[in-house]
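What follows is a single structure, written as structure tokens, with notes after it.
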Amino acid sequence: MGQKRHPMGVLIREDRMPHIFCPGCGIGATISNIAEALLESSLDPDKVSVVSGIGCSGRAAGYFKLDGFHTTHGRPIAFATGLKLTNPDLTVIVFSGDGDLTTIGGNHLIHAARRNMDMIVICINNFNYGMTGGQMGGTTPTGTWTTTSVYGNYEMPFNLPLLLTACGANYVARWTSAHSHYIKKSFLEALEKEGFCFIEVISACPINWGRRNKLRTGKDMVKFFLDHTEIKENPDPAEALIQMDTPILCGVFANKDKPGYLRAMRERLSQRVGIDVFRGDGKVELPETEEKLQKTVERPKKVEEVKIKLAGIGGQGIALLGLIMGRAACIFDGNQAVYSQEYGAEARGGASASSVIISSGKIDFPYIKNPDVMVVMAQGAFRKYRKEVQPNSILFIDKDLVKPYDLPEGVQVYAVPATRLAEQVGRKVVANIVMLGFISSLTDYFSLEAVKSALKMSVPKGTEEFNLKAFEAGYTYGEKLKRGEE
Amino acid sequence: MVIRKPLNLAKFKVPKGRVIVLAERCKECGLCIEYCPKQILEYSEDYNEKGFHYPVVKAGMENECIFCLFCQEICPDFAIFSEKEE
């Protein structure tokens, strides 16, 4: 007889079998049930992704033959949130343990439930920290023994269905690993729902928890689960606390139809901003009603990777300047841009900097060590960031405020009296916009229309015209400088 | 105890299955043996590579599997499954 293939082989990495789980462990059975449900649901496997954290059940992501994400401890929900937001078409399943999800990542759990983030969370609850040797955790029932509660646990465990229902999850269910059919059914129900779906699977852990609680084998544990559970229709989550002397309440604790995070966000944003397409590829459909705002151009303006470092003192608008540049490049020119800020604890007066990387291709690393272009708008900032000025780079400075010294060889210095021009326009605060106009006249990292559109998008409502005037002032100064008039 | 038989019992055909055990994956948790409704499984005499007794179909009960898939569902190790026989 030739080797037959297991029917779950379509969704399970069979080359990794036998898996690491102990004999009788409930995780394997749960993986099997989930895989079966996925097969039944006829979802495209390319559109399903499993995220798991650290712990025994954290290995699950590696055993599914799906796109998986094995994340840092306690953070699978945070990773999954990012995954879902950038790729809304994906069905995101978080498969992790109680220690990972509820104790170390407890805050992520409750806030994802509060937001009703669209994902399915399978929480394998085995009552202890299994992989590290059976320590007491946040879900250990009162009166049970673990390696760190040798006199019996005297703490209260989490009542997870109550917690999640109170936080506002759309779907909350609890089963044990012996309830194969129910897990499958619950999972299929959750696949149909939007919003946060939480399925707690109380899992057999005969080696670490059961061994210390007179349930030495997988058989004993499954028997315990079948005898000591009570399945109810519409159970009350307040009664779901796990106690060893009363049956464990199982069932579907919450089944609501509140809008999920993505739907709520879309509805709100399409009303307020006019953005209604979220594709996760960095392109944004902007409303067509405002004529001047241009959509993403079809052919991106080609730019070699250029690293721009902007420095000044807090309050000069250094951060906004970088933001506008980045927006001009990525939203309106169709290039890639990365923008980051650094600043001290001071709200005003401390040296602050931001950095922008603009490129036609992908950007690998967001931090700048050797900027190609440096923009300095205050002497204090020049002192602080002087050593970062590279030979043969370009330096833009405010003519009145910065007196450069000890520059490396070949640095081209372009000076503009930005603050003075801004004062002439009306207010000193637009010095950064004057600098922006100056930079865009002398360089070609972004097109003029793009930078104007980005400017309009980024400044406070009602000040667009004023800011454009400041921009023109800087731009004209730059043009004059090019012609040699200044 | 009176056992009632449906009148149309003869119309129903009990499905037939054949149990297949992937012995090298088994970890001897015994769940399939415990929960087989027809009790057709038992521990093997042999060991697999890791030193566990894997389940085998009892001698003479090869045709007793009713394709309920309990063993497949309960097995944590993807080591047992059943194939439908026509």
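Top to bottom, those sequences are chains A and B.
Residues 1 to 486, numbered by our numbering, are exactly what the first sequence covers, in order.
Residues 1001 to 1086, numbered by our numbering, are exactly what the second sequence covers, in order.
Each residue gets a CB set at the ideal place from its N, CA and C atoms; glycine is no exception.
Since we're looking at a predicted model, the values are computed, not measured.
Rounded to the nearest angstrom, what separates residue i and residue j at their Cα positions?
{"i": "His108 of chain A", "j": "Ala78 of chain A", "result": "6 Å"}
{"i": "Met136 of chain A", "j": "Glu464 of chain A", "result": "59 Å"}
{"i": "Lys295 of chain A", "j": "Ala337 of chain A", "result": "For Lys295 of chain A, the predicted structure reports a pLDDT of 49, less than 50, and the residue's modelled location is therefore unreliable. The matter cannot be settled from this model."}
{"i": "Asp227 of chain A", "j": "Ile202 of chain A", "result": "14 Å"}
{"i": "Lys4 of chain A", "j": "Leu1022 of chain B", "result": "8 Å"}
{"i": "Glu343 of chain A", "j": "Ile318 of chain A", "result": "The sequence shown places Tyr at residue 343 of chain A, not Glu. Distance between the alpha carbons of Tyr343 of chain A and Ile318 of chain A: 10 Å."}
{"i": "Ala470 of chain A", "j": "Lys428 of chain A", "result": "10 Å"}
{"i": "Pro366 of chain A", "j": "Met377 of chain A", "result": "23 Å"}
{"i": "Cys167 of chain A", "j": "Met117 of chain A", "result": "12 Å"}
{"i": "Thr86 of chain A", "j": "Val48 of chain A", "result": "14 Å"}
{"i": "Phe446 of chain A", "j": "Asp406 of chain A", "result": "30 Å"}
{"i": "Leu262 of chain A", "j": "Val92 of chain A", "result": "13 Å"}
{"i": "Ser180 of chain A", "j": "Asn370 of chain A", "result": "58 Å"}
{"i": "Ile1066 of chain B", "j": "Arg16 of chain A", "result": "30 Å"}
{"i": "Asn432 of chain A", "j": "Leu160 of chain A", "result": "52 Å"}
{"i": "Asn255 of chain A", "j": "Gly130 of chain A", "result": "31 Å"}
{"i": "Gln265 of chain A", "j": "Pro88 of chain A", "result": "In the sequence under discussion, the amino acid at residue 265 of chain A is Met, which differs from the Gln named in the question. C-alpha separation (whole angstroms): 12 Å."}
{"i": "Val425 of chain A", "j": "Val373 of chain A", "result": "26 Å"}
{"i": "Leu39 of chain A", "j": "Leu66 of chain A", "result": "12 Å"}
{"i": "Cys250 of chain A", "j": "Gly105 of chain A", "result": "24 Å"}
{"i": "Thr148 of chain A", "j": "Trp209 of chain A", "result": "11 Å"}
Under 7 Å, Cβ to Cβ, is there at least one residue of chain B near residue i?
{"i": "Pro45 of chain A", "result": "no"}
{"i": "Cys25 of chain A", "result": "yes"}
{"i": "His6 of chain A", "result": "yes"}
{"i": "Gly218 of chain A", "result": "yes"}
{"i": "Gly55 of chain A", "result": "no"}
{"i": "Met457 of chain A", "result": "no"}
{"i": "Gly28 of chain A", "result": "yes"}
{"i": "Ser180 of chain A", "result": "yes"}
{"i": "Pro18 of chain A", "result": "yes"}
For residue i, count neighbouring Cβ atoms within 10 angstroms of its own Cβ and tell me buried if that reaches 16, exposed if not.
{"i": "Ala1010 of chain B", "result": "exposed"}
{"i": "Thr72 of chain A", "result": "exposed"}
{"i": "Leu1007 of chain B", "result": "exposed"}
{"i": "Gly74 of chain A", "result": "buried"}
{"i": "Ser32 of chain A", "result": "buried"}
{"i": "Asn1063 of chain B", "result": "exposed"}
{"i": "Ile1003 of chain B", "result": "exposed"}
{"i": "Arg59 of chain A", "result": "buried"}
{"i": "Val222 of chain A", "result": "buried"}
{"i": "Phe198 of chain A", "result": "buried"}
{"i": "Thr246 of chain A", "result": "exposed"}
{"i": "Lys403 of chain A", "result": "exposed"}
{"i": "Lys1050 of chain B", "result": "exposed"}
{"i": "Val94 of chain A", "result": "buried"}
{"i": "Ala238 of chain A", "result": "exposed"}
Using a beta-carbon distance below 7 Å, is residue i in contact with chain A?
{"i": "Leu1069 of chain B", "result": "no"}
{"i": "Ile1020 of chain B", "result": "yes"}
{"i": "Lys1084 of chain B", "result": "no"}
{"i": "Cys1065 of chain B", "result": "no"}
{"i": "Gly1030 of chain B", "result": "yes"}
{"i": "Pro1076 of chain B", "result": "yes"}
{"i": "Lys1027 of chain B", "result": "yes"}
{"i": "Glu1049 of chain B", "result": "no"}
{"i": "Phe1012 of chain B", "result": "no"}
{"i": "Glu1062 of chain B", "result": "no"}
{"i": "Glu1034 of chain B", "result": "yes"}
{"i": "Glu1045 of chain B", "result": "no"}
{"i": "Glu1042 of chain B", "result": "no"}
Can you list, in chain order, the residues of its chain whose CB lies under 6 Å from that of residue i, leaving out five sequence neighbours each side?
{"i": "Thr139 of chain A", "result": "Asp98, Asn125, Phe127, Pro157 and Phe158"}
{"i": "Gly410 of chain A", "result": "Pro391 and Asn392"}
{"i": "Ala37 of chain A", "result": "Lys184, Phe187 and Leu188"}
For residue i, which residues in the same chain have their Cβ closer than 8 Å to its Cβ, ignoring the five residues on either side in sequence?
{"i": "Gly361 of chain A", "result": "Glu305 and Gln336"}
{"i": "Gln1072 of chain B", "result": "Ile1080, Phe1081 and Ser1082"}
My guess is that residue i and residue j are in contact by the Cβ rule of under 8 Å, so how many angstroms apart are they, rounded?
{"i": "Lys309 of chain A", "j": "Glu388 of chain A", "result": "6 Å"}
{"i": "Val303 of chain A", "j": "Ser359 of chain A", "result": "6 Å"}
{"i": "Leu448 of chain A", "j": "Ser440 of chain A", "result": "6 Å"}
{"i": "Gly484 of chain A", "j": "Leu436 of chain A", "result": "Not confirmed; about 22 Å, so no contact."}
{"i": "Leu1031 of chain B", "j": "Lys219 of chain A", "result": "6 Å"}
{"i": "Phe21 of chain A", "j": "Pro1076 of chain B", "result": "6 Å"}
{"i": "Ser340 of chain A", "j": "Ile313 of chain A", "result": "Not a contact, Cβ separation roughly 18 Å."}
{"i": "Pro141 of chain A", "j": "Gln243 of chain A", "result": "6 Å"}
Given residue i, which residues of its chain have a CB within under 7 Å of its CB, disregarding the five upstream and five downstream residues?
{"i": "Ile27 of chain A", "result": "Phe21, Cys56, Ser57, Ala60, Ile124 and Ser203"}
{"i": "Leu1069 of chain B", "result": "Ser1082"}
{"i": "Glu1086 of chain B", "result": "none"}
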